[in-house]
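S.K.: Using UniProt numbering, read the sequence shown as starting at 1 and increasing by one per residue.
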Amino acid sequence: MENTPTPTHCPYCALQCGMNITPLPQGGVEVTERADFPVNRGALCGKGRTAAEVLSPAVRLTAPLVREGGRLVEAGWPEALDRIAERLGATRERYGADALGVFGGGGLTNEKAYALGKFARVVLGTSQIDYNGRFCMSSAAAAGTKAFGLDRGLPFPLEDVPRTGCVILVGSNPAETMPPSLRFFTELRENGGTLIVVDPRRTRTAEQADLHLAPRPGTDLALALGLLHLVVAEGRTDEEYIRERTTGWEEARAAAMAHWPEYVERITGVPVPQLREAVRMFCEPTAAMVLTARGPEQQSKGTDTVGAWINLCLATGRAGRPFSGYGCLTGQGNGQGGREHGQKADQLPGYRKLDDPAARRHVAGVWGVDPDSLPGPGRSAYELLDALGTDVRALLLMGSNPVVSAPRAAHIERRLRSLDFLAVADVVLSETAELADVVLPVTQWAEETGTTTSLEGRVLLRRRAVAPPPGVRSDLYVLHELAGRLGVEKGFPADPEEVFEELRRASAGGPADYSGITYRRLAEENGVFWPCPEGPGGPGGTGAADGEGTVPDALPDGPAADPGATADVPPAHLTAAAGTTAAGTPAGARPLPGTPVAGSGPAAVHPGTPRLFLGRFATPDGRARFVPVVHRATAEEPDAEYPLLLTTGRVVSQYQSGAQTRRVAELNAAAPGPFVELHPRLAARLGAADGDRVAVVSRRGRAVAPARITAAIRPDTVFMPFHWPGEGRANTLTNPALDPTSRMPEFKSCAVRVEVLGPA
Ligand code: SF4
């Protein structure tokens, strides 16, 4: 490799910040920020800045491991792959194809997610595949699909945030989870807009808000209903918009009117004057947004909760209008793409439904198989993990660490241990890999080319910048080799671009249409927003985008890659009326950096779709659907034995299960272990001092960590971050009660008690 910078993207969260990687003459690489990527504009958080440390052979796997005599010992690749193929084949022979499970991850590239789903269904013939993204944002995906006919995390670019009038940020803490994004909210306020943060904790993000609402965990649904009640009572609905662009308002309105503000105050603990102030701030500007993250989503009623926030947007005429609407801040690096290409239990590539006969025919045609040979939908992530060792006897796992990240984690660890056979492909020896019969060391971000799709729906190219250590292979190579050993010689190339070319065809005409996207375009254009059908107009297929499924030709000309290209567009709340062009583009908006103009010459291509729904929604009639929802309690309310609520979350210096970031010295020093946040009044009642070891106990287990006493948490609630294994593993406590639609577990709320163990 030459010592020149290779532009690529961060391996961690869904912001996918742009960075350069430069191999150093003395070995190793240097990571530097990229100013030309409009999402981070030259900023990186500590995780991104130190990402190269995980490339070091000192902290990662460099040879396959197989279990011999109870211990993992080094082996050659042929032996390790032979063993996996033999055990998967034997299990299928004995118990049937559905005894084989496959578990993927939201960090896998689009190519890997695609190949993994195809491998499960075509090579193994199993329906039992799902991935850890089910734990992440599936409730938002389900609610978005119900309301708009399509789920794309953000239906507009982050660059629209500073130009709206008010943002309600629900259960999201970007100051810790994706710090460079905080700039958009700071700019919003500098432009005269306002920020409302809904969070049981006074987080670093909440500290910057104009208004902080701190509901009891698990009551966001009631909060949204209370706000909608006030919107109606104060005559702030947008009747023309409701009439022209939505259906189902009367039922949703009736449901909201049953939630009087005083009733909502009793449920949530949020005072009525704060509810009224939030409504005023949200309704007065001409444009406003609601953005949700894991807080309202990781609940046993997460789909309804997100639906209630969407209803608020619809009743006030926000969704599908310039600089306005509802969006979900997806968490994992490829959380968006990971849910589009077939590693979900119920989906085929292109965000198609597995139980849709036309979708099955299309994808089977691309795969060269009989549609009837494709299995139907399988178990969701928690249900799949819960079936290990019983119905599911052997598991192939890629890019996930459920021993730390799954709810009721001690139980899931036992289920993993009870398997007949476990194979794990990972970069490091994670806590889950430690349990495996075979561990395969695989390449990572800087060592391989592949695409991800950011929280904005922007498809990005990660480029190979350095060679992996000898002994390490890619996940695609693993699937290629296993497919061959299991009798499928063709259809599983190890080359990522070849996989992407097939993914394009498989996604063509689907909701998430990538058919107009190529590696070359991604490299030249700094990313492309889906849907992007092939050709200038393309077949579309969803009606998802503004007007005709395309970004219209009428976009005014502008520089193709200027990070500041949109900076002079006035904030929507400062304009008399934020309108759209005839073709549905926000008035005054220039093309986003890197967005080509469609139809501008003989080689014209579809430009991609930065903004969805401006002309119509992706429903059959083009209208958004209100979904009537009512408040209900969390699956586990406090009682005499477990009188407190636990909520879990993240810290800035760790990422997800911490498998990578716990191996980075600087991050580990900044966040060395778990802690339990206690309000001073609760601490006084318990007799706990700051730093005391405390045990948090739920019906599922016990986790021990030092107390951190802070007035930032509600007195009836305790908080633990979930990045660590061992005695401080927060997910030992969490409740796997599932949302009936999304099958999302209730990470954000369960009943606990706290026992003080004494000084550390
Ligand atoms: Fe990476 Fe996310 Fe940090 Fe950006 S905010 S550098 S994408 S971890």
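For each residue, glycine too, the CB sits at the ideal point set by N, CA and C. Nothing here was measured: the structure is a model prediction, and the numbers come from that model.
Does the count of Cβ pairs from the stretch 291-299 and the stretch 158-177 closer than 8 angstroms reach three?
M.R.: Yes, they touch.
S.K.: Spell out a yes or no on whether the stretch 262-277 and the stretch 215-226 are touching, meaning 3 or more CB-CB pairs, one atom from each, closer than 8 angstroms.
M.R.: Because the criterion of three Cβ pairs below 8 angstroms is met, the stretch 262-277 and the stretch 215-226 touch.
S.K.: Is it true that the CB of serine 749 sits closer than 8 angstroms to the CB of threonine 634?
M.R.: Yes, the pair counts as a contact, with Cβ atoms nearer than the cut-off.
S.K.: Decide yes or no for the touch test of the stretch 463-473 against the stretch 155-165: beta carbon pairs closer than 8 angstroms, at least 3 of them.
M.R.: Contact between the stretch 463-473 and the stretch 155-165 is absent, because fewer than three Cβ pairs lie under 8 angstroms.
S.K.: Given 7 angstroms as the limit, tell me if cysteine 45 has its C-beta closer than that to any heavy atom belonging to the ligand SF4.
M.R.: Result yes, Cβ under 7 angstroms from the ligand SF4.
S.K.: Is it the case that the Cβ atoms of leucine 108 and alanine 446 are separated by a distance below 8 angstroms?
M.R.: No, the Cβ-Cβ distance between leucine 108 and alanine 446 is not below 8 angstroms.
S.K.: Any heavy atom of the ligand SF4 closer than 7 angstroms to the CB of methionine 137?
M.R.: Result no, Cβ not under 7 angstroms from the ligand SF4.
S.K.: Sorry if obvious, but does the Cβ on cysteine 10 come closer than 7 angstroms to a heavy atom of the ligand SF4?
M.R.: True, at least one ligand heavy atom lies under 7 angstroms from that Cβ.
S.K.: Would you say the beta carbon of phenylalanine 328 is closer than 7 angstroms to some non-hydrogen atom of the ligand SF4?
M.R.: The displayed chain sequence assigns cysteine, not phenylalanine, to residue 328. No, since every heavy atom of the ligand SF4 falls outside the 7 angstroms radius drawn around the Cβ of cysteine 328.
S.K.: If you draw a straight line from the alpha carbon of arginine 352 to that of lysine 344, how long is it in whole angstroms?
M.R.: Straight-line Cα distance between these residues: approximately 10 angstroms.
S.K.: Assuming glycine 46 contacts arginine 34 under a Cβ cut-off of 8 angstroms, what Cβ separation, rounded to an integer in Å, is found between them?
M.R.: The Cβ separation is near 17 angstroms, so there is no contact.
S.K.: Could you tell me whether the stretch 324-332 touches the stretch 2-14, where touching means 3 or more Cβ pairs closer than 8 angstroms?
M.R.: Yes, the stretch 324-332 touches the stretch 2-14.
S.K.: Grab the span of the beta strand (DSSP E) containing arginine 753 for me, first residue to last.
M.R.: Where arginine 753 is concerned, the enclosing beta strand (DSSP E) stretches over 750-758.
S.K.: Just to check, is the beta-carbon of glycine 48 closer than 7 angstroms to a non-hydrogen atom of the ligand SF4?
M.R.: Answer for glycine 48: yes, Cβ within range of the ligand SF4.
S.K.: At 4 residues or longer, and completely inside the stretch 62-138: list those alpha helix (DSSP H) runs for me, N to C.
M.R.: Here the runs fully enclosed are 77-95 and 110-118.
S.K.: Report the residue ranges of all alpha helix (DSSP H) runs contained in full by the stretch 675-743; include only those spanning at least 4 residues, in chain order.
M.R.: Counting only runs of 4 or more, we get 680-686.
S.K.: Looking only at its own chain, which residues have a Cβ that is under 7 angstroms from the Cβ of proline 155, when we skip the five neighbours before and after it?
M.R.: Taken in chain order, the residues that qualify are Gly325, Gly327, Arg611, Leu612 and Phe613.
S.K.: If we count the other Cβ atoms within 10 Å of its Cβ and call it buried at 16 or more, is proline 531 buried or exposed?
M.R.: By the 10 Å Cβ count, proline 531 comes out buried.
S.K.: Put glutamine 347 into one of helix, strand or coil per three-state DSSP.
M.R.: Note: glutamine 347 maps to strand in three-state DSSP.
S.K.: Is the closest heavy atom of the ligand SF4 to the C-beta of proline 179 under 7 angstroms?
M.R.: Yes, the ligand SF4 has a heavy atom inside 7 angstroms of this Cβ.
S.K.: Using the Cβ count rule (16 or more neighbours within 10 Å means buried), how would you classify serine 373?
M.R.: Flag for serine 373 reads exposed.
S.K.: Against chain D, with Cβ distances strictly below 8 angstroms, would serine 418 count as a contact?
M.R.: No chain D appears in this structure, which consists of one protein chain only.
S.K.: Quick test of your reading: glycine 457 and glutamine 336, contact by CB under 8 angstroms. State the CB separation rounded to the nearest angstrom.
M.R.: Between glutamine 336 and glycine 457 the Cβ distance is about 6 angstroms, and since that is below 8 angstroms, they are a contact.
S.K.: Excluding sequence positions up to five away, which residues of its chain have a Cβ less than 8 angstroms from the Cβ of glycine 687?
M.R.: So the qualifying residues of the chain are Val756.
S.K.: So residue 783 and phenylalanine 626 are supposed to be a Cβ contact under 8 angstroms. How far apart are they, rounded?
M.R.: Outside the modelled stretch of the chain, which goes from 1 to 760, sits residue 783, for which no answer is possible.
S.K.: So, using beta-carbon positions, are alanine 120 and glycine 320 closer together than 8 angstroms?
M.R.: Their beta carbons are not under 8 angstroms apart, which means alanine 120 does not touch glycine 320 by this criterion.
S.K.: Report yes if the C-beta of asparagine 668 is less than 7 angstroms from at least one heavy atom of the ligand SF4; otherwise report no.
M.R.: Flag unset: Cβ of asparagine 668 not near the ligand SF4.
S.K.: Who pairs with phenylalanine 421 in a beta bridge, going by DSSP?
M.R.: Phenylalanine 421 pairs with Ala394.
S.K.: In the DSSP assignment, what are the bridge partners of aspartate 426?
M.R.: Bridge partners of aspartate 426: Pro441.
S.K.: Check cysteine 166 in the structure and name its three-state DSSP category.
M.R.: Cysteine 166: strand per DSSP, three-state reduction.
S.K.: If you reduce the DSSP assignment to three classes, tell me which class histidine 229 lands in.
M.R.: DSSP places histidine 229 in helix when its eight states are reduced to three.
S.K.: Tell me whether residue 808 sits in a helix, a strand or coil according to DSSP, three-state version.
M.R.: A question about residue 808 goes unanswered here, because the residues of the chain that appear run from 1 up to 760.
S.K.: Is it buried or exposed, lysine 146, if we count other Cβ atoms within 10 angstroms and call 16 or more buried?
M.R.: Counting Cβ neighbours within 10 Å, lysine 146 comes out buried, since at least 16 surround it.
S.K.: Just the Cα atoms here: how many angstroms apart are threonine 453 and glutamate 86?
M.R.: When rounded, the distance between both Cα atoms is 35 angstroms.
S.K.: If you run the structure through DSSP and keep just helix, strand and coil, what is tyrosine 326?
M.R.: Residue state, collapsed to three classes: strand.
S.K.: Among Pro38, Ser138 and Pro64, which residue has its Cα nearest to the Cα of arginine 183?
M.R.: Comparing Cα positions, the closest option is Pro38.
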